[in-house]
Structure formats: structure tokens, C-alpha cells
Amino acid sequence: MKAKVYVTLKKGVLDPQGKAIHHSAELLGYSALADIRQGKYFEISFNDGVGEAEAREAAETIGRDVLANPVIEDFQVEIESGS
4 MKAKVYVTLK KGVLDPQGKA IHHSAELLGY SALADIRQGK YFEISFNDGV
54 GEAEAREAAE TIGRDVLANP VIEDFQVEIE SGS
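So the sequence shown is residues 4 to 86, counted in this note's numbering.
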């Protein structure tokens, strides 16, 4: 069982790194881009025998308490089974 945790800046929070990436992409000729926002991606692997509900609960707790700054960031969890 694996959890994928995506951490992104909340809407309205300034993203200087995303702006720099956007500018660089425009310099490379990608003129149709409206915006680029950066974020973080984490994979959490669980031991055999951990069920989907337990994995989701643990990943959401870790996302909220460890991986994301709740003042400026949101997070999303996806669970992927091993099969």
C-alpha cells in the first residue's frame, strides 16, 4: 500500500518559485501558459497488511501534521494499492 501526498500553496499565496519557472518557460517559447505554481510530492509506503482506510488516515495525519504548513499550504492524499 502506498500513499501519494501532494502539497500545494493555497490560492492567493505568492509563489516566487512558480513565477520564476513560468518566466523561464516563456523564454523557451511557451507563450500560451497562464500560470505555473510549484508544490511538493511525497510517497509513503506502508507495511504489508495495512489496509486502505488505515493508510489514508495515517497519510492524512502526516500530511496535516508534518508535510504541509496549514497556514499557506493545502494537501491531497491518493492511496494506491500494491496490486
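Built from N, CA and C at the ideal position, the CB exists for glycine as well.
- Within the same chain, and ignoring the five residues on either side of Ile-47 in sequence, the residues whose Cβ sits closer than 6 Å to its Cβ are Ala-6 and Ala-62.
- A residue is called buried once 16 or more other Cβ atoms fall within 10 Å of its Cβ, and Gly-54, having fewer, is exposed.
- In the pairwise beta carbon analysis, the stretch 8-16 is classified as touching the stretch 58-77: at least three pairs are separated by under 8 Å.
- Non-local beta-carbon contacts of Ile-82 in its own chain, meaning distances under 6 Å to residues more than five positions away in sequence, involve Ala-6, Glu-55, Ala-58 and Arg-59 in chain order.
- In the three-state reduction of the DSSP assignment, Asp-68 falls in the helix class.
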